[in-house]
Every structure is written in structure tokens, then in C-alpha cells.
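Asker: If you scroll down you'll find the structure; I have some questions about it.
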Amino acid sequence: MHINFHIFRCKYSTHKKLLHTLSNSQNHTWVGLSKIFLALVCVLGSALLQSTHAQETPQDYLTPHNIARAAVNVGPLSWDEKLASYAQKIAIQRIDDCNLVRSGGPYGENLAMSTDQRGLSGMDAVNLWVAEKADYNYKSNSCADGKVCGHYTQVVWSNTTRVGCAKVWCNSGGTLIGCNYDPPGNYVGQKPYNLYVIILPCAKCMDAPIIFTIDDIAEQESY
Numbered sequence: 001m002h003i004n005f006h007i008f009r010c011k012y013s014t015h016k017k018l019l020h021t022l023s024n025s026q027n028h029t030w031v032g033l034s035k036i037f038l039a040l041v042c043v044l045g046s047a048l049l050q051s052t053h054a055q056e057t058p059q060d061y062l063t064p065h066n067i068a069r070a071a072v073n074v075g076p077l078s079w080d081e082k083l084a085s086y087a088q089k090i091a092i093q094r095i096d097d098c099n100l101v102r103s104g105g106p107y108g109e110n111l112a113m114s115t116d117q118r119g120l121s122g123m124d125a126v127n128l129w130v131a132e133k134a135d136y137n138y139k140s141n142s143c144a145d146g147k148v149c150g151h152y153t154q155v156v157w158s159n160t161t162r163v164g165c166a167k168v169w170c171n172s173g174g175t176l177i178g179c180n181y182d183p184p185g186n187y188v189g190q191k192p193y194n195l196y197v198i199i200l201p202c203a204k205c206m207d208a209p210i211i212f213t214i215d216d217i218a219e220q221e222s223y
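Using UniProt numbering, read the sequence shown as starting at 1 and increasing by one per residue.
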């Protein structure tokens, strides 16, 4: 099923790319900072507003999510129309300014914005969030100093099973993309997923394999 949105495009006399991302899980503390600036400024020239429609399929959002989840042995997300409708409602509220404002709703939330006149695709937005993996330390369950990784941890949060996303072109010329997650992730003190180690018995033994999490092994080594 295609999700249709009204688009508003502006022509720019000059432009540079600006991207922001924001992550939120209402009523929970999320990992890392809440905002990242990925590039700088766009000078708005003479603007020509026109309305049209943009189409992105659920698969455009699901594929990069589930590739990232499979990389850490986490099950795939499924598309949820209720979440997609919620994401669209929230995005439309920001159509005048394209500001990244948390919805304050009951779901996990990742937001991304670009002022590039070419727009930001759903796949590109998710890949921006996934790129934060490089700044996430699983052992300490924290982001690198001065870095953001909460968008990534929400993408791979193992207890999250459903996602819905939406995209709008803002009157200012920017593109705003939001994804909402249920159940939400980024609970303080919890890791997004468990890493497992399988210890096989000797070839002549009849014992079954023993499965430990990385955290189990770390606890045993501390004794």
C-alpha cells in the first residue's frame, strides 16, 4: 500500500544540505543526546510553491530497519498502519517550519529533516539513524563522548516489533520524515538486544550446547 502525502517544494537560489535527527521514547529516558546536526545551512532564495504527491512504500522504510536488526540477530519489524497514520499526523503539524519537535506520544520516535531541495528519502533517513551504530558501545551501553546513538538503539531495540513512518515536504522547502515504534525502546538501564555465545560440548559428550549472553559471561568473569 502506498502512502500519499501533499508535497510543497521551493526553488532555492543557492543551497547547502542540512540534516537533523531526533529520537524520542515518551515517558522513557533514551540513550544519547536528542539532536544531531549532520550538515549546515541552506539559503532560501525565491520560492515557488507547488503541490504534488510523493510516494514511498512501507518497504522503503522496513528494508534498512530490518537489515540493521538482522546484523545483531534481532527479529524483523512489521509495518503498522496505525503507527504510520500517527507519524503522518505529527509530521503534518510541522509542515510550516519543518522543526524537529517530539510528539510526546506513547511510541518510540525517530525524526529526520533535510533542507536539500532534492529531499530526503525514507531509506536515507533510516540509514542516517543506523550510521550511529559506530558511536554505540554495547559493553557500556552508551554513546561515544559527544555523539548520538539513540536513534540506532531504537531501530534495533529487540522488544520493538512494529513501525510506521511518514514523510512531508514542508512549506519552508525542507523534508521531514518520522518513524514511530511500538513497543517503544530506549528504556534507561536496558540494552537494546542481547548478544549470545553458544558453547558447544566436546564431540564425544552427550550434553546439549550451553547458551550464554555476553552479559552472563561478563558477570562470571567478575567473580
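C-beta: ideal position from N, C-alpha, C; glycine also.
Any idea what DSSP makes of A71, helix, strand or coil?
Answerer: Under the three-state reduction of DSSP output, A71 falls in the coil class, being neither helix nor strand.
Asker: Report yes or no: do the region 157 to 173 and the region 87 to 97 share at least 3 C-beta pairs separated by less than 8 angstroms?
Answerer: yes
Asker: Taking the DSSP output, what are the residues bridged to R162?
Answerer: S78, D182
Asker: On a CA-only basis, which of L195, G173, T153 is nearest G108? Give me that one, please.
Answerer: T153
Asker: Check each candidate in I177, Y138, P183 and name the one with the smallest Cα separation from G189.
Answerer: Considering only alpha carbons, the answer is Y138.
Asker: CB V148 to CB V74, shorter than 7 angstroms?
Answerer: No. Outside cutoff.
Asker: For N27, collect the residues of the same chain with a Cβ closer than 6 angstroms to its Cβ; drop the 5 residues on either side in sequence, then sort them by chain order.
Answerer: Any reading at N27 needs caution, since the residue's pLDDT is 42, under 50, leaving its predicted position unreliable; the model's value is listed next. Sequence-distant partners of N27 (beyond 5 residues in either direction) whose C-beta falls short of 6 angstroms from its own C-beta are missing from its chain.
Asker: DSSP three-state label for G119, please.
Answerer: coil
Asker: Drop a sphere of 10 angstroms on the beta-carbon of P192, count the other beta-carbons inside from all chains shown, and report buried for 16 or more, exposed for fewer.
Answerer: buried
Asker: Could you check what DSSP says for K191 in three-state terms: helix, strand or coil?
Answerer: coil
Asker: According to DSSP, what are the bridge partners of Y136?
Answerer: C143
Asker: Any idea which residues DSSP pairs Y86 with across the strands?
Answerer: BP columns for Y86 are empty, so no partner.
Asker: With a CB to CB cut of under 8 angstroms and the five nearest residues on each side skipped, what residues in its chain are close to D60?
Answerer: S121, G122, M123
Asker: Using only the alpha-carbon positions, how far apart do I177 and G146 sit?
Answerer: 24 angstroms
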